[in-house]
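Protein chains in written order, with my numbering: chain A, 1 to 249; chain B, 250 to 566.
All C-beta atoms, glycine included, are put in the ideal place defined by N, C-alpha and C.
Contents: one structure, followed by commentary.
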Ligand SMILES: Cc1cc2nc3c(=O)[nH]c(=O)nc-3n(C[C@H](O)[C@H](O)[C@H](O)COP(=O)(O)OP(=O)(O)OC[C@H]3O[C@@H](n4cnc5c(N)ncnc54)[C@H](O)[C@@H]3O)c2cc1C
Ligand SMILES: Nc1ncnc2c1ncn2[C@@H]1O[C@H](COP(=O)(O)O)[C@@H](O)[C@H]1O
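Here's what the structure looks like:
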């Protein structure tokens with residue numbers, strides 16, 4: 001089995017996003033960038049499937065700036081085999097990403113594409129499902145467990161009411177949720193080894209798809225700020241204020 | 250203009266999130282139809298027909314729709330979209346699952362988790378865990394929108410008398426199939442709809458200790474939530490998680506117990522009307538958003554809290 005894992009370079013999850021004063025977007029200059037946390041989970045899952053003898057090859061792909069190579073290298077150090085960077089400095093929306101990924105799937109013919117359920121910058125939660133529709137593939141989104149057997153995957157999904165398990169025929173899309181696994185840290189020898197693993201350099205034009213944004217950003221603003229309230233001294237005072245001041249009890 | 254709202258339901262009852270989606274659809278403008286796709290979901294269609302301002306309810310029934318699998322939902326919705334300018338669904342795990350497939354099939358960019366509709370083309374949505382709000386204008390001919398239920402008022406569930414139309418369903422060959430589910434069967438209100446939510450974090454120490462929250466919740470008619478750390482540690486099931494990648498809640502009262510207040514958690518509760526934090530660390534970031542903060546050990550504070558609300562007449566459930 002061959003697995004394709006799309007990985008996105010995003011603002012590190014520990015860094016609070018700052019809105020630019022001109023309201024054109026979020027300031028990404030001089031801030032720490034990392035692999036989208038859900039994509040680390042996807043890479044980990046693919047590597048485990050390989051370690052279990054269920055997968056033979058893991059290809060990672062990122063669409064983004066030159067620096068997204070670092071994100072690919074991180075995935076290679078975790079155990080992926082090779083990478084593809086589709087280089088662009090423009091913002092590519094999930095629809096555009098899905099279209100590029102559909103072309104990569106055409107070329108690579110993977111049996112499974114494992115994406116994160118959500119990129120923590122655009123919070124779109126859309127790319128995997130879109131790719132599924134474009135390819136006509138089934139999907140198991142928000143996965144907290146994936147079992148491969150007999151040309152199908154049993155995927156346990158985190159849904160609003162609890163957990164749901166579905167069976168999807170391969171080839172298929174899986175999107176990962178937080179509880180699927182705990183990603184490993186790459187060891188130093190593996191980081192060194194990853195430097196020699198190949199990364200194919202591409203540009204969107206190589207794939208001949210239209211990735212022009214469909215959404216025009218009018219403005220990006222700060223959310224209404226919540227003021228810190230007061231520190232109460234006791235539980236009695238708390239309950240009394242909730243009843244008499246806030247009127248919520 | 251016409252908008253198709255996809256109902257959220259469990260084949261028996263219409264979920265309140267649908268009423269919120271109708272309000273968002275009204276802001277987009279035009280005639281509003283509701284799609285009830287499911288299995289044996291006639292009662293849902295009847296309820297949908299009573300929503301004020303709805304033109305028509307379209308009902309698609311098939312055993313393969315019982316669990317709202319994305320592929321099946323796509324097969325029902327995409328052909329209908331010839332008749333509509335927009336599709337609106339609540340941003341629940343069901344809506345998030347199928348809506349992007351519809352969008353891709355229509356070759357449009359989805360508007361995810363919208364918190365405000367400015368006009369038929371212009372939408373506001375949170376990005377970066379709600380640390381920024383983005384206003385976007387869509388150039389696509391059709392709109393596919395998922396809406397965050399907590400930020401829209403519910404449409405009036407009564408007063409309408411829409412006709413119900415049965416659709417003939419042809420799902421073709423599906424490559425996914427339902428295997429099983431483990432759903433929580435709690436008598437407490439749903440997290441997303443509760444007026445009071447009490448959530449526990451890693452500070453709760455173990456799952457057993459959540460009983461302290463349960464018994465307060467039962468007195469107050471509240472829902473119980475949790476931070477990711479509490480879910481990851483196995484204290485409570487996944488559906489308790491509140492946050493950027495869990496559920497978004499905006500109750501009248503949110504009580505955070507033993508939760509530090511990471512941005513990812515705040516993303517799911519900072520629109521609550523009144524926030525209470527109980528934490529033994531006075532530096533915990535949760536205090537920066539709390540209306541009332543109590544610096545205390547939760548193991549002392551929770552029993553006292555229960556006594557105090559008992560005095561107010563909130564009796565054990
Ligand atoms: C991609 C991604 C997505 C995420 N999504 C979410 C999400 O949706 N929701 C979410 O919640 N988190 C999410 N997180 C995790 C988030 O970053 C934090 O790790 C998490 O919220 C911390 O949970 P906590 O506050 O319970 O634990 P901690 O940060 O460990 O805080 C525990 C708190 O309990 C207090 N405490 C301990 N003992 C006591 C006591 N006896 N009495 C009183 N107070 C006590 C401590 O002072 C501390 O403040 C996400 C992270 C990532 C990377
Ligand atoms: N630019 C990108 N490059 C590679 N993968 C991406 C990119 N954008 C999104 N993805 C993948 O799609 C998932 C969901 O992203 P989104 O739909 O933007 O929330 C991510 O977790 C990635 O796996």
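- Every residue whose Cβ sits closer than 5 Å to any heavy atom of ligand 1 is listed here in chain order: A/13, A/37, B/450, B/451, B/452, B/476, B/477, B/478, B/492, B/493, B/494, B/495, B/507, B/508, B/509, B/511, B/513, B/514, B/528, B/529, B/530, B/533, B/546 and B/547.
- Approximately 5 Å separates the beta-carbon atoms of residue 527 of chain B and residue 550 of chain B; this is inside 8 Å, confirming the contact.
- Remark: the shortest separation between the CB of residue 63 of chain A and any heavy atom of ligand 2 falls under 8 Å.
- Taking a 10 Å sphere around the C-beta of residue 256 of chain B, we find 16 or more other C-beta atoms and assign the residue as buried.
- Pairwise C-beta distances place the region 392-406 of chain B in contact with the region 265-283 of chain B, as three or more of them are shorter than 8 Å.
- With its beta carbon less than 9 Å from one in chain B, residue 94 of chain A belongs to the interface.
- About 32 Å separates the beta carbon of residue 162 of chain A from that of residue 540 of chain B, a gap too long to meet the 8 Å contact definition.
- Assigned with DSSP and collapsed to three states, residue 281 of chain B falls in strand.
- In this structure, residue 200 of chain A has its CB at a distance of at least 8 Å from all heavy atoms of ligand 2.
- The residue among B/520, B/273 and B/543 with its C-alpha nearest the C-alpha of residue 530 of chain B is B/543.
- Counting other Cβ atoms within 10 Å of its Cβ, residue 383 of chain B reaches 16 or more and is therefore classed as buried.
- Near chain A, meaning a CB-to-CB distance below 7 Å, the residues of the region 530-553 of chain B are 536, 537, 538, 539, 540, 541, 542, 543, 544, 550 and 553.
- Between ligand 2 and the CB of residue 94 of chain A, the shortest heavy atom gap is smaller than 8 Å.
- Put simply, the CB of residue 144 of chain A is near chain B, with a gap under 9 Å to one of its CB atoms.
- Listed in chain order, the non-local C-beta contacts of residue 179 of chain A below 6 Å within the same chain comprise 144, local neighbours out to five positions each way being set aside.
- Residue-level contact check: residue 430 of chain B touches chain A, since one or more beta carbons of chain A fall below 9 Å from its beta carbon.
- Interface annotation, residue 296 of chain B: not in contact with chain A, CB-CB separation never under 9 Å.
- Rounded to whole angstroms, the separation of the alpha carbons of residue 309 of chain B and residue 562 of chain B is 47 Å.
- Across the region 449-476 of chain B, no CB contact with chain A closer than 7 Å is found for any residue.
- The criterion of a C-beta distance shorter than 9 Å is satisfied by residue 140 of chain A and residue 166 of chain A.
- Taking 9 Å as the threshold, the shortest C-beta distance from residue 258 of chain B to chain A does not fall below it.
- Exposed is the label assigned to residue 185 of chain A, since fewer than 16 other Cβ atoms lie within 10 Å of its Cβ.
- Set against 8 Å, the gap from the CB of residue 75 of chain A to the closest heavy atom of ligand 2 is not smaller.
- The Cβ atoms of residue 566 of chain B and residue 434 of chain B lie no closer than 9 Å to each other.
- Taken in chain order, the members of the region 156-175 of chain A whose beta-carbon sits within less than 7 Å of a beta-carbon on chain B are 158, 159, 160, 161, 162, 163, 164, 165, 166, 167, 168 and 169.
- Taking 9 Å as the upper bound on Cβ-Cβ separation, chain B lies near residues 117, 118, 120, 121, 122, 123, 124, 125, 126, 127, 128, 129, 130, 131, 132 and 133 of the region 116-133 of chain A.
- Listed along chain B, no residue sits closer than 7 Å to residue 8 of chain A by beta-carbon distance, the nearest being about 13 Å off.
- Remark: the C-beta of residue 26 of chain A is outside contact range of ligand 2, defined as less than 8 Å to any heavy atom.
- At least one heavy atom of ligand 2 falls within 8 Å of the beta-carbon of residue 42 of chain A.
- By the 16-neighbour rule on beta-carbons within 10 angstroms, residue 187 of chain A is exposed.
- Its Cα nearest to that of residue 218 of chain A, the residue B/374 stands out among B/334, B/374 and B/298.
- According to DSSP, residue 200 of chain A shares a beta bridge with A/84.
- Rounded to the nearest whole angstrom, the C-alpha separation of residue 397 of chain B and residue 89 of chain A is 30 Å.
- The beta carbon of residue 87 of chain A sits no closer than 8 Å to any heavy atom of ligand 2.
- The secondary-structure analysis by DSSP pairs residue 375 of chain B across a beta bridge with B/382.
- At a threshold of 8 Å, residue 6 of chain A counts as near ligand 2, since its beta carbon sits closer than that to one of the ligand's heavy atoms.
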